[in-house]
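What follows is a single structure, written as structure tokens, with notes after it.
Residue numbers (the working numbering): 59 to 209.
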């Protein structure tokens with residue numbers, strides 16, 4: 059499992075598609091920026107041999123609409139990360155790439171709901187980093203491996 063993070067519009071998607079030779083016909087791509095639902099990414103049945111989950115921070119935000127208990131939501135994501143990792147490790151042909159925007163930089167949000175979202179995303183990224191075999195940061199199109207060997 060590979061977690062790719064970095065700032066907004068820093069080339070994460072382009073780096074993933076280039077590095078993994080991804081096209082529309084050889085992978086499943088779920089985007090938190092579009093209409094992909096949490097149910098879709100929670101269901102192992104929806105995943106194909108190469109699966110990309112983009113906009114993890116948006117999926118996390120959507121779970122906050124169902125529960126305001128940050129620990130409960132974090133536990134949901136921890137369990138899902140473990141489920142994804144198990145699914146990927148069951149076959150050598152499976153690759154799961156998770157793309158999430160780095161929200162830790164900049165001004166701390168004024169509204170409590172936005173601060174909770176930012177905090178929860180940071181905690182989820184820490185949990186995801188522990189679960190993943192590879193972690194890469196992309197800044198201005200340049201990759202920096204943080205964990206594991208990148209392709």
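Where a beta carbon is used, it is the ideal one built from N, C-alpha and C, also for glycine. Since the structure is predicted, the reported quantities are computational estimates derived from the model, not experimental observations.
C-alpha distance - residue i paired with residue j, whole-angstrom precision
{"i": "residue 135", "j": "residue 98", "result": "14 Å"}
{"i": "residue 181", "j": "residue 71", "result": "22 Å"}
{"i": "residue 89", "j": "residue 114", "result": "8 Å"}
{"i": "residue 157", "j": "residue 149", "result": "21 Å"}
{"i": "residue 170", "j": "residue 75", "result": "36 Å"}
{"i": "residue 123", "j": "residue 176", "result": "14 Å"}
{"i": "residue 166", "j": "residue 147", "result": "37 Å"}
{"i": "residue 111", "j": "residue 202", "result": "20 Å"}
{"i": "residue 105", "j": "residue 91", "result": "18 Å"}
{"i": "residue 73", "j": "residue 200", "result": "8 Å"}
Which listed residue (the options) has its alpha carbon closest to that of residue i
{"i": "residue 217", "options": "204, 138, 60", "result": "As displayed, the chain neither begins before 59 nor continues past 209, which places residue 217 out of reach and without an answer."}
{"i": "residue 132", "options": "121, 59, 141", "result": "121"}
{"i": "residue 103", "options": "198, 73, 152, 129", "result": "152"}
{"i": "residue 116", "options": "66, 204, 205", "result": "66"}
{"i": "residue 84", "options": "204, 154, 186", "result": "154"}
{"i": "residue 218", "options": "161, 178, 108", "result": "Lying outside 59 to 209, the shown extent of the chain, residue 218 is not represented and no answer is given."}
{"i": "residue 162", "options": "183, 79, 204, 206", "result": "183"}
{"i": "residue 130", "options": "196, 174, 192", "result": "174"}
{"i": "residue 109", "options": "73, 140, 60", "result": "60"}
{"i": "residue 81", "options": "119, 101, 144, 107", "result": "107"}
{"i": "residue 145", "options": "86, 197, 101, 186", "result": "101"}
{"i": "residue 142", "options": "125, 187, 159", "result": "187"}
DSSP bridge partner residues for residue i (one or two, in chain order)
{"i": "residue 154", "result": "109"}
{"i": "residue 60", "result": "155, 192"}
CB contact below 8 Å: residue i versus chain D
{"i": "residue 153", "result": "Given the protein chain composition of this structure (a single chain), no chain D is represented."}
Three-state secondary structure (DSSP) of residue i
{"i": "residue 86", "result": "strand"}
{"i": "residue 201", "result": "strand"}
{"i": "residue 139", "result": "helix"}
{"i": "residue 162", "result": "coil"}
{"i": "residue 147", "result": "helix"}
{"i": "residue 77", "result": "helix"}
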